[in-house]
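2 protein chains.
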Amino acid sequence: MLAPGQKGYVDTTADDRGLDLDVLGGTLSFFIRSLDIAVSRDLDERLKGLEVARGKGKITTLLLIDSHPGIRPSEIAERIMKDRAHVTRIIDSFIAHDIVSRRTADQDNRAYELCVTEHGAALAKQVREIVIAQEEAFFGPLLGKKDHDALVETLQKIYLKLVPKAGI
Amino acid sequence: MLAPGQKGYVDTTADDRGLDLDVLGGTLSFFIRSLDIAVSRDLDERLKGLEVARGKGKITTLLLIDSHPGIRPSEIAERIMKDRAHVTRIIDSFIAHDIVSRRTADQDNRAYELCVTEHGAALAKQVREIVIAQEEAFFGPLLGKKDHDALVETLQKIYLKLVPKAGI
DNA sequence: TATTGTTATACTCTATAACTATA
DNA sequence: TATAGTTATAGAGTATAACAATA
Chain L
1 MLAPGQKGYV
11 DTTADDRGLD
21 LDVLGGTLSF
31 FIRSLDIAVS
41 RDLDERLKGL
51 EVARGKGKIT
61 TLLLIDSHPG
71 IRPSEIAERI
81 MKDRAHVTRI
91 IDSFIAHDIV
101 SRRTADQDNR
111 AYELCVTEHG
121 AALAKQVREI
131 VIAQEEAFFG
141 PLLGKKDHDA
151 LVETLQKIYL
161 KLVPKAGI
Chain X
169 MLAPGQKGYV
179 DTTADDRGLD
189 LDVLGGTLSF
199 FIRSLDIAVS
209 RDLDERLKGL
219 EVARGKGKIT
229 TLLLIDSHPG
239 IRPSEIAERI
249 MKDRAHVTRI
259 IDSFIAHDIV
269 SRRTADQDNR
279 AYELCVTEHG
289 AALAKQVREI
299 VIAQEEAFFG
309 PLLGKKDHDA
319 LVETLQKIYL
329 KLVPKAGI
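Keeping their order, the protein sequence lines are chains L and X.
Counting from 1, one number per residue, gives the positions in the first sequence under my numbering.
Counting from 169, one number per residue, gives the positions in the second sequence under my numbering.
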């Protein structure tokens with residue numbers, strides 16, 4: 001960090017708290033990206049050794065199938081904001097590891113319905129516990145309960161507007 | 169979405185608002201990832217055609233160098249939460265495109281000081297305007313001003329705890 | 001004709017480690 | 001011995017488009 005007065009220093013501070021945080025115009029996109037990097041790394045660390053260790057898409061896909069037996073790939077894609085091709089590869093790897101089973105949908109022969117296997121259910125349970133434990137372990141030192149709750153509420157609200165189908 | 173009562177439906181709702189959003193235990197990690205995906209795609213779209221179109225690492229690196237002439241690669245790495253090898257590749261591409269110049273640091277022959285070129289400064293100005301414009305265009309329809317301000321404050325606070333050096 | 005899912009490709013991102021030059 | 005930066009590599013993520021089967 002260049003200090004005020006030091007050669008090359010440019011004061012880009014936008015508020016009165018003396019922070020040098022508006023490199024991106026004080027916008028949210030940079031902070032969101034940074035937080036996502038930090039949270040993802042922390043979670044990957046906690047998931048090490050499990051079969052779904054890396055890649056958040058895999059984790060949410062597993063938990064979605066576990067919570068919603070019979071869910072279809074295209075619906076997963078919509079909810080995790082990835083394309084269908086990406087979901088196909090995730091599902092393929094799950095099937096190869098006997099985590100998920102796939103069968104033709106009842107009313108639509110184009111579609112598939114996905115369910116976790118017995119093994120997949122056990123894995124999902126482990127993953128879910130780790131994810132829940134992370135919430136407190138990671139955010140506890142960073143935020144008070146009030147700020148945390150407000151953040152959850154705000155981000156849920158945004159997610160629902162971005163993926164309306166996710167609301168019941 | 170499986171409706172309550174439908175075959176395979178499992179009620180995982182954790183609050184009383186009837187939302188099916190706690191697939192990850194109502195935790196923040198999933199919402200943060202989703203928001204980052206949406207914001208990044210939107211920003212990439214707006215940056216299309218510019219030389220730094222893809223990859224948020226490149227954008228913040230450019231704006232950091234523009235705001236902090238003389239900044240060193242290792243400090244960039246710390247602030248954008250990437251490793252030095254990654255920053256090296258970003259800088260290399262900037263230099264190849266005459267966006268950034270690099271010279272040996274005054275007091276340390278191991279280190280480099282980075283500055284934007286004339287061309288890079290013009291590019292940074294364009295990028296900064298786009299990023300600032302996105303803030304309103306993207307978040308305006310999603311959040312009221314009060315929620316937006318609270319979100320900025322909370323995420324800035326978290327970022328500062330994760331990267332203490334970013335505070336002056 | 002539109003939709004579901006698959007396949008293929010090319011490119012980017014990321015983590016890791018080994019390496020050099022200097023402190 | 002530690003630090004700044006580079007190079008190399010392998011793996012994972014991503015966007016895209018073309019494709020088959022079904023609605």
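Just so you know, even glycine gets a beta-carbon here, dropped at the ideal spot from N, CA and C.
Contact between leucine 196(X) and valine 127(L) fails: their C-beta atoms lie close to 16 Å from each other, not under 8 Å. The residues Gly57, Thr60, Thr61, in chain order, have a CB closer than 7 Å to that of isoleucine 80(L) in the same chain once the five nearest residues on each side in sequence are set aside. Aspartate 44(L) and alanine 264(X) have their C-alpha atoms spaced approximately 34 Å apart. The continuous stretches of beta strand (DSSP E) do not include valine 39(L), which lies in the alpha helix (DSSP H) extending over residues 28 to 47.
Taking CB atoms only, arginine 54(L) has no neighbour in chain X less than 9 Å away.
Residue environment for proline 241(X): buried (at least 16 other C-beta atoms within 10 angstroms of its C-beta).
Bounds of any beta strand (DSSP E) do not take in glutamate 51(L), whose DSSP letter is neither H nor E. Within chain X, the residues Leu196, Ser197, Ile200, Arg201 have their CB atoms less than 9 Å from the CB of valine 39(L), given in chain order. Residue burial is scored here from C-beta neighbours: aspartate 234(X) has at least 16 other C-beta atoms within 10 angstroms and is therefore classed as buried. If the five residues before and after valine 100(L) are omitted, its C-beta is found closer than 8 Å to the C-beta atoms of Leu62, Ile65, Ile91, Phe94, Leu114, Cys115, Val116, Thr117, Gly120, all from its own chain and listed in chain order. When only Cα atoms are considered, glycine 49(L) and alanine 133(L) end up about 17 Å apart. For threonine 285(X), the closest Cβ of chain L is not nearer than 9 Å. Residues of chain L whose Cβ lies closer than 9 Å to the Cβ of leucine 215(X) do not exist; the shortest such Cβ separation is about 11 Å.
Counting only Cβ-Cβ distances below 7 Å, glutamate 51(L) has no contacts in chain X at all, with the closest Cβ about 18 Å away.
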